[in-house]
Amino acid sequence: MSVKNEKTALVTGGAGFIGSHLIDRMLEAGYTVHAIDNLSTGSLDNIKHLMDHPKFTFDVGTILDEPLMESLISENNYVFHLAAAVGVKLIIEKPVDTIKTNILGSEIILKYANKYNNRVIITSTSEVYGKNDKTPFKEDDDSVYGPTTKSRWSYACSKAIDEFLSLAYHHEKKLPVIIVRLFNTVGPRQTGQYGMVLPTFVKQALLNHDMTVFGDGKQTRCFANVKDVVKSILKLVDSSKAEGQVFNIGSQERISIEKLAEKVRKMCNSKSKIVYIPYDDAFESGFEDMAQRMPDTTKLKKAIGFVPECSLSETINEIIEYYKQ
Ligand code: UDP
């Protein structure tokens, strides 16, 4: 392989849950990877098994450090931008950081990716659909947000701005950028520390602690296995037809949060009690949750020939094994 054709990539948020799984697969696929992470929600534990890999290097750093980003982007030919403030709980607690990291960070990435001719993946989120109650969501469905006085919407809006900016770079400057809207992604290495439900339930069940269902538990989600998700991202990145496009990535296996709690409890042989916590107590007063969130993945399937389809039971088993260790 010539040096010019060698796949060298910068992965931002590389010590995060999804970032670390992405890098595992990239190294298997022959990429040379440099990762950066500010370790705010990521952890060195997620990448410690890679530290001796000859094609992997890592820096602790922030995407807001412009000289660092310019230097790293100039040395690579791909950027996978995953660094972001994530998790509803964190976003409510630290709204300034959320807005700054998500918007300024992405602007820096796009600016230098454009300057140095990199291919770019921008990771976005199903949150951008906001409280639109349509199901399933198609990529061109409306975003419906609540008032600016409710800080949870700052996350959705900040990621929507990232998408606008990415599409603008594609439109105006022909930057080869692809936007992936990730729906609930789960698997080993995800922590419940920032509010994510599945690792929280598994930990609670294994410890026979109360399992905390927020609201009435009738809200539904579709949980995709992180391995399927990163496989989809790596297929998309090399598709020239995908440039300047948005893709939903997620599972279509729907489950209510109440049923999820029961399923996890059963699979863990747990004696936990399932308790219901009002949203106002779990988050902020007046918190609005989405009643349902399912992706339409037709566009993804057409582009890459498959969609995430690992079963929820299989994924829960992987998470249980991870926490048992
Ligand atoms: N949830 C819950 N108990 C928890 C954590 C979350 O019932 O301990 C609920 C949360 O209110 C939401 C769903 O589980 O309805 C999924 O939450 P998560 O934060 O994993 O993802 P979201 O879909 O909100 O981005």
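The working numbering puts the first residue of the sequence shown at 728, with every later residue one more than the last. Using N, Cα and C, we set each Cβ at its ideal position, and we do this for glycine too. Given the structure is predicted, the values throughout are model-derived calculations rather than measurements.
Per DSSP, the beta-bridge partners of residue 857 are 871. Residue 956 counts as buried, since at least 16 other C-beta atoms from the protein chains shown sit within 10 angstroms of its C-beta. Here residue 778 is exposed. Its C-beta has fewer than 16 other C-beta atoms within 10 Å. Per the Cβ contact rule, the segment 962 to 972 is in contact with the segment 883 to 903 (3 or more Cβ pairs under 8 Å). For residue 796, there is no enclosing beta strand (DSSP E); the enclosing alpha helix (DSSP H) covers residues 793 to 801.
Closer than 7 Å to some heavy atom of the ligand UDP: that does not describe the Cβ of residue 1033. Shortest Cα-Cα distance from residue 986 to any of 878, 1016 and 1039 involves 1039. Residue state for residue 902 is assigned as coil, using DSSP reduced to three classes.
Residue pairing by DSSP places residue 940 opposite 1003 in a beta bridge. Taking the Cβ of residue 1020 as the reference point, at least one heavy atom of the ligand UDP falls within a distance shorter than 7 Å. In this structure, the straight-line span from the alpha carbon of residue 787 to that of residue 924 is close to 28 Å. For the pair residue 848 and residue 966, the Cα-to-Cα distance works out to about 11 Å.
Contact check for residue 881 against residue 933 fails: the beta carbons are separated by 8 Å or more.
In the displayed model, residue 949 falls within a strand according to three-state DSSP.
Set against 7 Å, the gap from the CB of residue 744 to the closest heavy atom of the ligand UDP is not smaller. Around the CB of residue 1025, fewer than 16 other CB atoms lie within 10 Å, so the residue is classed as exposed. A Cβ-Cβ contact shorter than 8 Å links residue 747 with residue 773.
Using a Cβ-Cβ distance cut-off of 8 Å, the segment 816 to 823 and the segment 871 to 880 are in contact, since at least three pairs of beta carbons, one from each stretch, lie closer than that value. Annotation for residue 766: no beta strand (DSSP E) segment contains it, and DSSP assigns it neither H nor E. With a contact defined as Cβ atoms closer than 8 Å, residue 733 and residue 759 qualify at about 7 Å. Residue 983 sits in a strand when the DSSP states are folded into three classes.
For the pair residue 983 and residue 992, the CB atoms are not nearer than the 8 Å cut-off.
In the structure shown, the three-state DSSP call for residue 762 is strand.
In the DSSP secondary-structure assignment, residue 805 is bridged to 736 and 846. Note on residue 1052: under 16 other CB atoms within 10 angstroms of its CB, so exposed under the neighbour-count rule.
By the Cβ-count criterion, residue 977 is buried, with 16 or more other Cβ atoms from all chains shown falling within 10 Å of its own Cβ. Here residue 916 is near residue 744, since their CB atoms are less than 8 Å apart. Remark: the C-beta of residue 948 is in contact range of the ligand UDP, defined as less than 7 Å to any heavy atom. For residue 825, the CB stays at least 7 Å from every heavy atom of the ligand UDP.
Just measuring C-alpha positions, the residue of 963, 1009 and 843 sitting nearest residue 908 is 963.
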